[in-house]
Amino acid sequence: MPKGESVTLRVAEALKRDVGRGIARLPLYVMERLKLSAGDLVEIAGRRKTVAKAMPGYPEDRGKDIIRIDGTIRMNAKVGIDDRVEIRKVEGKPATRIVLAPTEPVEIGGAEEYLSRILESMPLVEGDRIRLSFFGTPVDFVVVDARPRAEAVLVTPSTAIEISEKTAEAVRRIPKVTYEDIGGLGDQIQRIREMVELPLRHPELFEKLGIE
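Per my numbering, the very first residue in the sequence shown carries number 24; after that it's consecutive.
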């Protein structure tokens, strides 16, 4: 595949079974066009670039030009539902070293081995934000360093994972709750999504109406 070949798709919400798995559900024609096999890595370019593992879309999505990704991937790509993203195949390399910085001060002693198991096979790029659970408490981290330098890295059992003592202050203003974190409120969440994401995607409409 010539480098740079890409497809543009509309963002849709991940199904519950896929949340937190680092995967992107793609139409079969996109899998074929980009010569993707299940588990291959794709770059997802919105207002930021991130990566995910490509998986075939569901039968009920046949004929729809959509990519289903969860809230964490959308956050890392800086996109919302119905935004357009550009997809292309990338080659990942086994990560030799990953440095994670918590978004808030937290004391986590000896968690590196636990993180290595939880993150195994997870595709990452520097700057990605990930959410992990420690004794039932969610803790957000940012990937502040990833080696080797590559389009993407994959965590393996031999990856050295370090936790920075400093917080990743640059991400404090990123929303911490994704729509998938709220269950059982489908219609209400859709209305909230429209109120929140529409002015972010189309600020010019609200400026014309004099709405700040």
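Yeah, the Cβ is synthetic: ideal placement off N, Cα and C, and Gly gets one too.
Computed from a predicted model, the values in this text were never measured in an experiment.
From the options, residue whose alpha carbon lies closest to that of residue i
i	options	result
K87	E130, I186, R48 and V165	R48
K58	R111, R44 and F157	R111
Y81	Y52, V166, F158 and V129	Y52
E28	I46, S181, R140 and M54	M54
Span of the alpha helix (DSSP H), counted from its first residue to its last, around residue i
i	result
S156	Counting along the chain, S156 falls outside any alpha helix (DSSP H), though it belongs to the beta strand (DSSP E) covering R152 to F157.
M145	Counting along the chain, M145 falls outside any alpha helix (DSSP H), and DSSP gives it neither H nor E.
I96	G94 to A100
Opening and closing residue of the beta strand (DSSP E) in which residue i lies
i	result
I110	R107 to V113
I121	R120 to P125
V166	T160 to R170
Burial state of residue i (16 or more Cβ within 10 Å)
i	result
P125	buried
A193	Annotation note: pLDDT 44 at A193 (below 50); position unreliable, coordinate value reported separately. Exposed.
P146	buried
A61	exposed
P50	buried
D163	buried
A37	buried
Cβ-Cβ distance between residue i and residue j below 8 Å
i	j	result
V178	L123	no
I184	E127	no
I121	I96	no
V30	R56	yes
G43	D84	no
D151	R91	no
V113	V166	no
Segment contact, 8 Å Cβ cut-off, at least three pairs: the segment 100–112 with the segment 56–74: yes
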